[in-house]
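Below is one structure, written out as C-alpha cells; comments come after it.
Number of protein chains: 4
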Amino acid sequence: MFINTTTVRVRYAETDRMGYVYYGNYATYYEVGRVEALRELGVSYKSMEDSGFLLPVIDYTIKYFKPAFYDELLTVKTLIKILPSARIHFYYEIYNEKEEKLNQGETTLVFINKSTNKPCAAPDWFLEKIKKHFQ
Amino acid sequence: MFINTTTVRVRYAETDRMGYVYYGNYATYYEVGRVEALRELGVSYKSMEDSGFLLPVIDYTIKYFKPAFYDELLTVKTLIKILPSARIHFYYEIYNEKEEKLNQGETTLVFINKSTNKPCAAPDWFLEKIKKHFQ
Amino acid sequence: MFINTTTVRVRYAETDRMGYVYYGNYATYYEVGRVEALRELGVSYKSMEDSGFLLPVIDYTIKYFKPAFYDELLTVKTLIKILPSARIHFYYEIYNEKEEKLNQGETTLVFINKSTNKPCAAPDWFLEKIKKHFQ
Amino acid sequence: MFINTTTVRVRYAETDRMGYVYYGNYATYYEVGRVEALRELGVSYKSMEDSGFLLPVIDYTIKYFKPAFYDELLTVKTLIKILPSARIHFYYEIYNEKEEKLNQGETTLVFINKSTNKPCAAPDWFLEKIKKHFQ
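Protein chains in written order, with my numbering: chain X, 10 to 144; chain B, 10 to 144; chain F, 10 to 144; chain R, 10 to 144.
The structure is reproduced here in C-alpha cells:
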C-alpha cells in the first residue's frame, strides 16, 4: 500500500453561497492528491501523458461528512491500496486543521493508449516504480 | 417517479487539456439538472434556501462511459425515484447529441434547518408539490 | 457593428461565500457571449479551431458595478465594434432581470495558426461572414 | 511599496482544450496572490470578512503574454504600490519556471461595511499594518 499526504488551501473561488467548498470542487482536490501521490512515486502525470498515455477517470464516489470552509488548510490523504494493472484505484480522505475527516472518496482511472485511443496496460516503467510499495 | 430533462452546452472553461469535459465539472451539470427538476415541480431552490433550508449533498457517485467535448449540447436527465423525506435522492444521466449515454450518477441531499444547523424533515409545501408525482 | 444577446443562468457552483458570482467567473460568461455571437454570424468557434486556428485571449478588462446572485437569469450582450483582421475585439455588458447593468468588459483575441503556432490573419471565410455587418 | 511572492501549481482542472490555463482562471491565481500578500502583512482576509468587511473587486485588468501549462509551478508576484484608503489596488505578475513573465494584471477592491452594505474606509488596524511598508 502507498500513502501520500499533501495540502490544499481553500480558495475564495471554491466556496459557494452556503459558505462551504462547493461539492463539485473536491474532485479537483482529489486530483491534486493523486498527482502528488504519483510524484512521490517518481512519476510525473504530465510526462506520462506526454509519453502517450491518457488516464481518464471512469468512476468517482465521494461521501461528505462535514463541510470545508474558506481559507482552511486541508490535508488530502491519497492511498493506492491495490497494485495497478490496466486500471488504477485511488482512495482519498480530506481532513481539516482540527483533524476532522471531512469526506472520503475513490476514483478509478484507466490507461488509454493515445494513438489507438484504446485501453491498455500500465507502462512497465510505471509498474516498476509502484511495485516496490506492494512487497 | 419524476423526470426532468434539460440541456447544457459545454463551455471552453469546462474542458481540459485532454479535450474532454473535466471529470469534476459534471457535478455542476448535475446541479443544473436537479435545480431545473425542482423548478419544473414548482420549487425554486433559491427560495427554499431563502426560507431557511440548506440542502447540502452528502454523497455523490458518477460512472463515466464516454467523454463530452467542447460545444456539445448535452441533455441532462434528472430523476426523482423515491419520495423525499428528510433526504432527497436524485439520479442523473447525461447524453450527447448522438443520444449516447456519457455518464450516470446519483446524489443524496439532506434538508438542514438553517437556524439550528441540524437535519430536518422536508418542508410540507415542498412534499405536497412532489407527492402528486408519486401516486 | 454586430450585437448578439444571449442568457446564462447563475449556477450555485459559480457563487462564492459573499453570495455573489465570483469575480473570476464572468470571464466564462463572456466566453459564452462571444461564442454565441460568432454562432449567430454563422461561425462555429469549435470548427474554427478544428480547421487550424487558435484564438487565445491577449487582454481582458472588466468593471464591476453590481453583483450577480444565484439563480439569476443574466443577459450577456456581446458587441463586435471593429471589423476584425489579425485580432478581434469583443465588448460585453451583463444585465440582470431588472435590466441593471452589472458589469462591462472587453477582450482582444488573436488568430494563431495552429501548425506554425504564430499569429496570422483571420481566415477569409470568417471575414466574409463578418463584413456584411460593417457596411 | 509591498511585494509578496507565492506559488501555485497548475491543476488539470484549470487547463482547457488548447492545453493552456483557461484565461479566466488567472483571476483565481491573483486571488491567491493577494490573500497571501495580506497574510504576510499579518492580515487574514477571512478574519477581515468575519469582522464585518467585504472586499469585492470593482475592476480587473489582465494582459496575457504567454500561456501557462499543466503542472507548471507558477510564481505569483503581488504588489501593493499605493497606500490603501477606501480602496486597495493590487498589481500582479505571473512567471513560469523559466522566469518568463506570462501575464500581468491589476485589481481594485473596495471596503464595504457588511451591516450597511455601503463603501467605507479601511479599518484602522488594517492600515496600521500596511503603513509601515510605505514609509
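Built from N, CA and C at the ideal position, the CB exists for glycine as well.
- Look at V44/F here: in three-state DSSP terms it is helix.
- Under the three-pair Cβ rule at 8 angstroms, the segment 46–59 of chain X does not count as touching the segment 36–48 of chain F.
- I71/F and I89/R have their C-alpha atoms roughly 20 angstroms apart.
- Per DSSP, reduced to three states, the secondary structure at F120/X is coil, with no helix or strand assignment.
- Listed along chain X are T70, I71, K72 and Y73, each with a C-beta nearer than 8 angstroms to that of D68/B.
- Bounds of the beta strand (DSSP E) holding I97/F are R96 to Y104.
- Listed along the chain, the chain X residues whose CB falls inside 7 angstroms of the CB of T24/F are D25 and R26.
- For T15/F, there are no C-beta contacts with chain B under 8 angstroms, since the nearest C-beta of that chain is about 10 angstroms from it.
- Here the C-alpha atom of L136/B lies approximately 16 angstroms from the C-alpha atom of N122/B.
- The DSSP assignment places 66–73 and 82–89 as complete runs of the beta strand (DSSP E) inside the segment 16–90 of chain R, in order along the chain (cut-off: 3 residues).
- Within the same chain, and ignoring the five residues on either side of K86/B in sequence, the residues whose Cβ sits closer than 8 angstroms to its Cβ are I12, N13, T14, G42, Y101, E102, I103 and Y104.
- Within the same chain, Cβ atoms closer than 7 angstroms to the Cβ of Y32/F are found at Y73, the five residues on either side in sequence being excluded.
- Excluding sequence positions up to five before and after Y38/X, its CB lies within less than 6 angstroms of the CB of V17 and V85, all in the same chain and listed in chain order.
- If you draw a straight line from the Cα of R96/R to the Cα of D68/R, it comes to about 11 angstroms.
- Residues F120 of the same chain have their beta carbon placed closer than 6 angstroms to that of F62/R, with the five preceding and five following residues left out of the count.
- Using beta-carbon distances, E49/R does not count as an interface residue toward chain X, since no partner is under 8 angstroms.
- At a C-beta separation below 9 angstroms, Y54/R has these neighbours in chain X: Y21, Y79 and D80.
- For L136/F, the uninterrupted alpha helix (DSSP H) run begins and ends at D133 to K140, by DSSP.
- Burial is judged here by how many other beta carbons sit within 10 angstroms of a residue's own beta carbon; N126/X has fewer than 16 and is exposed.
- The shortest CA-to-CA distance from T116/X to any of E106/X, V66/X, S94/X and P132/X is the one to V66/X.
- Spanning the alpha carbons of Y29/X and L111/X requires a straight line of approximately 11 angstroms.
- Near chain F, meaning a CB-to-CB distance below 7 angstroms, no residue of the segment 109–134 of chain R qualifies.
- Per DSSP, the beta-bridge partners of F11/X are I89/X.
- Taking the Cα positions, Y35/X is about 51 angstroms away from Q144/F.
- In this model, P132/X and Q113/X are separated by some 28 angstroms (Cα to Cα).
- Contact annotation, Y79/R with R26/B: C-beta distance approximately 5 angstroms; criterion of less than 8 angstroms satisfied.
- The Cβ atoms of L118/B and L82/B do not sit closer than 8 angstroms to each other.
- Interface criterion not met: the Cβ of V85/X is under 8 angstroms from no Cβ in chain R.
- At the C-beta level, E40/X and A22/R come within 8 angstroms of one another.
- Ranked by how close their Cα comes to the Cα of S56/B, the residues W134/B, K140/B, H142/B and K141/B have W134/B in first place.
- The residue among P128/F, T24/F and P93/F with its C-alpha nearest the C-alpha of M10/F is P93/F.
- Under the Cβ distance rule, E106/X does not count among the residues neighbouring chain R, no pair being separated by less than 8 angstroms.
- The CB of Y101/X never comes closer than 8 angstroms to any CB in chain B; the least such distance is about 13 angstroms.
- Identification of chain B residues near A36/X by a Cβ-Cβ cut-off of 7 angstroms yields Y32, G33 and A36, ordered along the chain.
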